[in-house]
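Sequence positions in the sequence shown follow numbering that gives the first Met the number 0 and run 0 to 356.
Cβ atoms here follow ideal geometry from the backbone N, Cα and C, with glycine treated the same way.
Worksheet: the structure to be examined is printed underneath.
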Amino acid sequence: MNKANFGFMGLGVMGHMLALNMERNGFRVAGYDVEEEKVKAFGTNYPGKSLVACATLDEFLAVLERPRRIMMMVPAGKVVDGAIASIIDSLEPGDLLIDGGNSFFLDTERRSKELEAKGIIYIGTGVSGGEQGALWGPSIMPGGQPEAWELVKPVFEAISAKVQGEPCVAYMGPRGAGHYVKMVHNGIEYGDMQLIAEAYDILHRGLGLDNAHLQEVFSEWNRGELESYLIEITADIFSKSDPETGQAVVDLILDEAAQKGTGKWTSQNALDLGAPIPTINAAVESRIISAYKDERMAASDVLSGPEPKISASSSEVIVWMRDALYAAKICSYAQGFGLMRLASKEYAPTSMPFACA
């Protein structure tokens, strides 16, 4: 049996899609999961592909070429530590473990040092792009030993998104650097999404634009300097209808958002370093406030304010909003990169000289 070039521990949506991406790019991929149904689906849903479904960890480890390259796609926190504990005694010096989840960078620092002492090389890598990005080309932010980067460089460059032919992956630095960059990336994205939401609110409630007009506006913006994935999907959502009610999907979505922690970590670390990131902080606070749906509904029954009304012409306001959104997005990015620059100086003597900073 031919050995697999790469292995995935965790065959949820992201692990599954990344494995298919790797296979499509010429690699033989092994997959293991503690849930039998996920292993079964991995092994039976794709006949003819170079995928190996492994029912046990022993089978998984045996099928991988040396040095083994194993990417854990499991939830951050104790689950990562549990996955490492389940496999560490079976690994050999020179094997590579990769944490592809959204782990806290100081956890990655700790794990890297512990594993390095055992001769195991380790990468904490941010993976951005969601399910479709994982399948067709994510942005990848790896941090670890230089020799670890060399082991994954040809694979990650093959599966990553490409911009003008250049792969969207680069070495971020040692140990926790990759997860730090992914954390700040998510913080910037929090700011970006909040700014888009506020632009929508002004145009919708302030100007009174309907969904058809809003789609035209955001589509036009996406053909200019605001062109981005987030603007593109914002334009698209205005044309989507709920199949059950026939109503516009955007009008049915609750103004309530959960969070996984990366945005909050960005704000917390910025306070630790004394880094000013007001746009990102405001976005994190807005997302936290959104979770208090019942309290906000109760308050709206007893508190009132002026009706949003804009006296300027629609065409003028749309131009102003485009320019304001563009300027604010630049601020969000600048704050994130400023934070990484400060972090590089703060952590460089003992840990993480970021390659990107």
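Open item on the list: Going by beta-carbon coordinates alone, are Thr124 and Gly99 separated by less than 8 Å?
Closed with: Contact annotation: Thr124 and Gly99 have beta-carbon atoms nearer than 8 Å.
Task: Length at least 4, wholly inside the segment 71-131: the alpha helix (DSSP H) runs in chain order - done: Runs found: 77-86 and 104-115.
Task: Whole-angstrom distance between Gln163 and Lys77, CA atom to CA atom - done: Between Lys77 and Gln163, the C-alpha separation is close to 39 Å.
Open item on the list: Once the 5 residues before and after Val278 are set aside, which same chain residues still bring their CB inside 7 Å of it?
Closed with: A small correction: the amino acid at residue 278 is Thr; Val does not occupy that position in the sequence shown. For Thr278, where only same-chain residues beyond five positions count, the Cβ hits under 7 Å are Gly190, Ala327, Cys330, Ser331 and Gln334.
Task: Pair within 8 Å by beta-carbon distance, Leu50 and Gly25 - done: For Leu50 and Gly25, no; Cβs fall outside 8 Å.
TODO: Compare the Cα-Cα distances from Leu358 to each of Ile158, Asp88 and Gly136 and report the closest residue.
DONE: There is no way to answer for residue 358, as the model of the chain reaches only from 0 to 356.
TODO: Counting only runs of 4+ residues fully inside the segment 277-348, write out the alpha helix (DSSP H) ranges in chain order.
DONE: DSSP assignment within the segment 277-348 yields the following whole alpha helix (DSSP H) runs of 4 residues or more, N-terminal first: 277-289, 292-301 and 313-346.
Open item on the list: Here's the rule: buried if 16 or more other CB atoms are within 10 angstroms of the residue's CB, otherwise exposed. What is Met296?
Closed with: When all chains shown are included, Met296 counts as exposed.
Task: Assigned exposure category for Glu108 - 16 Cβ within 10 Å defines buried - done: With 16 or more other Cβ atoms within 10 Å, it is buried.
- [ ] Run the CB neighbour count on Gly47, radius 10 Å, all protein chains shown included, and call it buried at 16 or more, exposed below.
- [x] Label assigned to Gly47: exposed.
Task: Inter-residue Cα distance where the pair is Ser303 and Ser289 - done: Distance from the CA atom of Ser303 to the CA atom of Ser289, rounded to whole angstroms, is 18 Å.
TODO: Check Leu63 in the structure and name its three-state DSSP category.
DONE: In the structure shown, Leu63 adopts extended strand secondary structure according to DSSP, grouped into three states.
Open item on the list: With distance defined between alpha-carbon atoms, name the residue in Lys308, His15 and Asn44 nearest to Leu202.
Closed with: Each of Lys308, His15 and Asn44 was checked against the Cα of Leu202, and the nearest Cα belongs to Lys308.
- [ ] Tell me whether Glu188 sits in a helix, a strand or coil according to DSSP, three-state version.
- [x] Note: Glu188 maps to helix in three-state DSSP.
Task: From Glu91, His15, Met21 and Lys181, residue whose alpha carbon lies closest to that of Thr43 - done: Ranked by Cα distance from Thr43, the options Glu91, His15, Met21 and Lys181 are led by His15.
Task: One or two residues paired with Phe7 in a DSSP bridge - done: Partner(s): Gly30 and Met70.
Open item on the list: Quick check on this structure: which residue in Leu225, Leu206 and Val33 has the alpha carbon closest to the alpha carbon of Glu306?
Closed with: Nearest in C-alpha terms to Glu306, of all of Leu225, Leu206 and Val33, is Leu206.
Open item on the list: At the level of alpha carbons, what is the spacing between Ser85 and Met8?
Closed with: In a straight line, the C-alpha of Ser85 is about 11 Å away from that of Met8.
Open item on the list: Cutting at 7 Å between CB atoms, please list the residues of its own chain near Phe155, excluding the five before and the five after it.
Closed with: In the same chain as Phe155, and ignoring 5 residues on each side of it, the C-beta atoms closer than 7 Å to its own belong to Ile139, Pro141 and Val168, in chain order.
Task: Unbroken beta strand (DSSP E) run spanning Ile139, endpoints - done: Run containing Ile139: Ser138 to Gly143, per the beta strand (DSSP E) assignment.
Open item on the list: What does the Cβ neighbour count give for Lys181, buried or exposed, with the cut at 16 atoms within 10 Å?
Closed with: By the C-beta density criterion, Lys181 is buried, having at least 16 other C-beta atoms within 10 angstroms.
Task: CB of Tyr170 within 8 Å of CB of Trp135, strictly - done: Contact flag unset, no.
- [ ] Pull up the CB-CB distance for Ser159 and Pro153, whole angstroms please, since I reckon it's below 8 Å.
- [x] Between Ser159 and Pro153 the beta-carbon gap is near 11 Å, outside 8 Å, which marks them as no contact.
TODO: Could you give the DSSP three-state label for Lys239: helix, strand or coil?
DONE: Residue state, collapsed to three classes: coil.
TODO: Measure the C-alpha to C-alpha separation of Tyr346 and Ala116 and round it to an integer number of angstroms.
DONE: Each residue's Cα considered, the two are about 21 Å apart.
TODO: Label Asp32 either buried or exposed according to how many other C-beta atoms from any shown protein chain fall within 10 Å of its C-beta, with 16 as the threshold for buried.
DONE: So Asp32 ends up on the buried side.
Task: Beta-carbon proximity check, Leu17 vs Val38, cutoff 8 Å - done: No, Cβ-Cβ distance for Leu17 and Val38 is not below 8 Å.
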